[in-house]
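Residue numbers (our numbering): 0 to 89.
In structure tokens, the structure reads:
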């Protein structure tokens, strides 16, 4: 991937023998990509989202503590600070 990067956004996650690949693939590339996978992969599960009729939400980077390498999941952060910012809770 580093020597020949794909021309669209993707996220690759590998754990053991399992590979999860999120691709923001244009419809015009789907057929070629699936034909390539069929030749090279013996076990494939495929899920497709129609991004023209769906919405993608990114995760706010402030929700991740870089120094601890953990997601912030305290009630203060998840509930109280949100309500306070909306002026619903003091």
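Here a beta-carbon is modelled for each residue, glycine too, at the ideal position from N, C-alpha and C.
I need the boundaries of the beta strand (DSSP E) containing residue i, first residue and last residue.
| i | result |
| --- | --- |
| residue 14 | 9-14 |
Residue range of the alpha helix (DSSP H) that residue i falls in?
| i | result |
| --- | --- |
| residue 17 | Residue 17 -> not in any alpha helix (DSSP H); beta strand (DSSP E) instead, spanning 17-22. |
| residue 80 | 80-84 |
| residue 30 | 26-39 |
Going by beta carbon distance, what residues of the same chain come within less than 7 Å of residue i, once the five residues before and after it are set aside?
| i | result |
| --- | --- |
| residue 25 | 7 |
| residue 36 | 43 |
| residue 28 | none |
| residue 78 | none |
| residue 12 | 19 |
Residue i: which of the options sits nearest, CA to CA?
| i | options | result |
| --- | --- | --- |
| residue 10 | 2, 19 and 3 | 19 |
| residue 32 | 14, 5, 53 and 49 | 5 |
Might you give, ordered along the chain, the residues of its own chain that have their beta carbon closer than 6 Å to the beta carbon of residue i, omitting 5 neighbours on each side?
| i | result |
| --- | --- |
| residue 22 | 9 |
For residue i, which residues from the same chain have a beta carbon less than 8 Å from its beta carbon, with the 5 sequence-adjacent residues on both sides left out?
| i | result |
| --- | --- |
| residue 69 | 63 |
At least three beta-carbon pairs within less than 8 Å, the segment 58-70 to the segment 33-44: Flag = no, the segment 58-70 and the segment 33-44 do not touch.
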